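*Asks:* So that we are looking at the same thing, I have put the structure below in structure tokens.
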Amino acid sequence: MSYEYGKPIALVRAGLEGYKKLYGQSVLEMDSMLAKVPPHPNQIDLTHGDTTAFLPPDSAFLDFAKAVERNTEAYSAYRGSSTVRNALAPRLTKLLGVEVDPVTEVIITPGTQGALYSALSSLVGPGTIVAFPATEYFMNERIVSYLGGESIRIPTSISKDGYIEIEESNLLAASSQGASVFVFSNPNNPTGGIYSRKMCEKLALWAKNSSIAVIADQLYCRLIFDGRDFTNFCALPGMKDQTVTLLGPSKTESMSGFRVGLAVAPLKLINSMESVLSMTSLRTAGYAQHALIHWLDKDEEWLAERIELHQEIRDYLVSGLLKIPGVEVTIPAGSSYVFPDFSKVKSVNQNNYDDDFVLTKDLKLAGVLVSPGYQSGFNGRGHFRINFSQHFDSIKLAVDRIRTLVQN
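Numbering (UniProt numbering), first residue to last: 1 to 408.
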């Protein structure tokens, strides 16, 4: 691959040219084409949560304002303010079920995306083989390709009630192909599925026996529905020293605009991630870090209400989509994502909508902006992702527009 000015080789790799085999275009090319589709005058954007529908906690604004007013720690340590890390450590210990050292095991990053990039940069180099579940967060594969690594997709299944399963034979196949890193989101982005404790224990045993480093993206670990239990991967026997746990307030607390996230990991990885961060951004914005001072602090009642409201919207959305003949939807067990499969809808096949790129393009023209399935891997073909953390009226109108486009 030769160098062309304005097209660094690493970025070309991150465009995922391999998707041309299925779609005829790379992921980067499809994304660019979708961006050029003119928006509907009254477009409903379901690619991310609406922070006007679900506001950040009042404490985040107050703590941020205090930090600005007092000019607090504009220059913190690269790994983050010691004041904030010390405040968070006991709450992280409670959340994760393992002791967390604020000095050696926590790094504050520019969003959880910053934690993901720093973690992968600390574990992946040219030729490193990284395994993911078949349907996963769209940036994982791009970052691995950017870093010169290779990706393996592990086949998965998901039950109607939202539990993800991976067969042991498929895990062993990944390690036999040389995988040394495993990245997974729990709850899963884009399906909203979760991994049961039994499944997590199976993953932990495989990772331990195969000496595989694990990045557990638990960004949505507090937004779990129907009273289900959630398993923190790093709390499983032997996993604390082998796992990077990604966390943050961007989604459940609607704090994406603050661009703060964090990772909990062993000292060696924290040191490495800090070195990466020092080159990419030096540190997370100092004032924004202080918006975390009261994160996870005695907010059980607030969280219960937020879960209830999201669950109500989830139920309406899933019910509305299932009324479209041929649509298949798994009920999300967590997160704010639904990942419907439209590939078996009669009118969809007539219009080549089993190609989710075409379907997503026409939905945008009809006034509904969604995330195309191809962004989550080949298994996303015929799917698209909806973020239902929205005003209820927006979801109702979106369902009507989707139904009208598909059925007419």
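From the three backbone atoms N, C-alpha and C, an ideal C-beta is built for every residue, glycine too.
Computed from a prediction, not measured in an experiment: that's the story for all the values here.
1. Are there 16 or more other CB atoms within 10 angstroms of the CB of R385, so buried, or fewer, so exposed?
2. Check each candidate in A398, R91, A288 and I9 and name the one with the smallest Cα separation from L62.
3. Taking T243 as part of the beta strand (DSSP E), name the residues at either end of that continuous run.
4. By the three-class DSSP mapping on this structure, what secondary structure does H290 have?
5. Would you mind working out which of K66, S151 and T404 sits nearest F378, comparing C-alpha positions?
6. Thinking just about the alpha-carbon of each residue, which of D315, Y75, Q375 and Q390 is nearest to the one in D161?
7. Check the C-beta distance from L95 over to W295 and give it rounded, since I have them as a contact under 8 Å.
8. Can you look up L28 in the DSSP assignment and give me helix, strand or coil?
9. Mapping the DSSP letters down to three states, classify A134 as helix, strand or coil.
10. Which residue spans inside the segment 319-396 form an unbroken alpha helix (DSSP H) run of at least 4?
11. Mark Y146 as exposed unless 16 or more other C-beta atoms lie within 10 angstroms of its C-beta, in which case mark it buried.
12. If you follow the beta strand (DSSP E) that F184 is in, where does it begin and where does it stop?
13. Would you mind sorting P8 into buried or exposed? The rule is 16 or more other CB atoms within 10 Å of its CB.
14. Tell me, which residues are paired with R153 by DSSP?
15. Within its chain, find whatever has a CB closer than 7 Å to the CB of P56; leave out the 5 residues flanking it on each side and keep chain order.
16. DSSP on A53, reduced to helix/strand/coil?
17. Report the residue from F230, E105 and D226 whose alpha carbon sits nearest the alpha carbon of K240.
18. Out of curiosity, what's the CA-to-CA distance linking E305 and G148?
19. Pick from L246, H391 and K396: whose alpha carbon is nearest that of A119?
20. Report the CB separation of R222 from A333 in whole angstroms; it is logged as a contact under 8 Å.
21. Helix, strand or coil for K21 per DSSP?
22. If you draw a straight line from the alpha carbon of A134 to that of P155, how long is it in whole angstroms?
23. Quick check: is the beta carbon of F138 nearer than 9 Å to any beta carbon in chain D?
24. Can you name, in chain order, every residue of its own chain whose Cβ lies under 8 Å from the Cβ of I194, other than the five neighbours on each side?
25. Does the beta-carbon of S248 have 16 or more other beta-carbons within 10 angstroms, so that it is buried, or is it exposed?
26. Assuming T128 contacts V181 under a Cβ cut-off of 8 Å, what Cβ separation, rounded to an integer in Å, is found between them?
27. Taking Cβ to Cβ, would you say Q43 is nearer than 9 Å to M33?
28. Using a threshold of 9 Å, state whether the C-beta atoms of L262 and I395 are closer than that.
29. Is it the case that the segment 109-118 contacts the segment 272-292, given that we only count it when at least three CB pairs across the two stretches are under 8 Å?
30. Compare the C-alpha of V399 against each of D31, L46, K21 and Y19 and name the closest.
31. Given S122, which residues of its chain have a CB within under 7 Å of its CB, disregarding the five upstream and five downstream residues?
32. Between R70 and T284, what straight-line distance do the alpha-carbon atoms span, to the nearest angstrom?
33. Which of helix, strand or coil does DSSP assign to A87?
34. Where DSSP assigns a beta bridge to T109, which residues make up the other side?
35. Between which residues of its own chain and A14 is the CB-CB distance below 6 Å, once the five residues before and five after are set aside?
*Replies:* The relevant details are as follows:
1. It is buried - the Cβ of R385 has at least 16 other Cβ atoms within 10 Å.
2. The residue with the shortest Cα to Cα distance from L62 is A288.
3. Annotation: the continuous beta strand (DSSP E) that includes T243 extends over T243 to L247.
4. Of the three classes helix, strand and coil, the one that applies to H290 here is helix, per DSSP.
5. Nearest C-alpha to F378: S151.
6. Ranked by how close their Cα comes to the Cα of D161, the residues D315, Y75, Q375 and Q390 have D315 in first place.
7. Actually they do not touch by this definition, with Cβ atoms about 10 Å apart.
8. L28 falls in the helix class under three-state DSSP.
9. Three-state result, A134: coil.
10. The qualifying runs are 346-350 and 356-365.
11. Classification of Y146: buried, given that the 10 Å Cβ count is 16 or more.
12. Residues A179 to S185.
13. With fewer than 16 other CB atoms across the displayed protein chains lying within 10 angstroms of its CB, P8 is exposed.
14. Under DSSP, the beta-bridge partners assigned to R153 are F132.
15. Contacts found: E253, S254 and M255.
16. Here DSSP, grouped into helix, strand and coil, assigns A53 to coil.
17. Considering only alpha carbons, the answer is E105.
18. For E305 and G148, the distance between alpha carbons rounds to 44 Å.
19. Looking at the Cα atoms, L246 is the closest of the given residues.
20. Taking the Cβ atoms as the reference, R222 lies roughly 13 Å from A333, outside the contact range of under 8 Å.
21. It is helical.
22. Distance between the alpha carbons of A134 and P155 is about 5 Å.
23. Considering every chain present, this structure includes no chain D. It has just one protein chain.
24. G162, Y163, I164, N186, P187, N188, I224, R228, F230, A333 and G334, listed in sequence order.
25. With the sequence shown as reference, residue 248 is identified as Gly, and Ser is not the correct amino acid for it. Result: buried.
26. Going by Cβ atoms, the distance from T128 to V181 rounds to 7 Å, so yes, they are a contact pair.
27. No; because the gap between Cβ atoms is not below 9 Å, this pair is not in contact.
28. Contact flag unset, no.
29. Judged by Cβ distances under 8 Å, the segment 272-292 makes contact with the segment 109-118, as three or more pairs qualify.
30. If we check each option's Cα against that of V399, L46 comes out closest.
31. Cβ contact annotation for S122 (same chain, cutoff 7 Å, sequence separation greater than five): L269, S272, M273 and V276, in chain order.
32. One Cα belongs to R70, the other to T284, and the distance between them is close to 18 Å.
33. Helix at A87.
34. Answer by DSSP bridge pairing, in chain order: G261.
35. Taking A14 as the centre and dropping the five residues before and after it, the same chain places the C-beta of R142, S145 and Y146 closer than 6 Å to its C-beta, in chain order.
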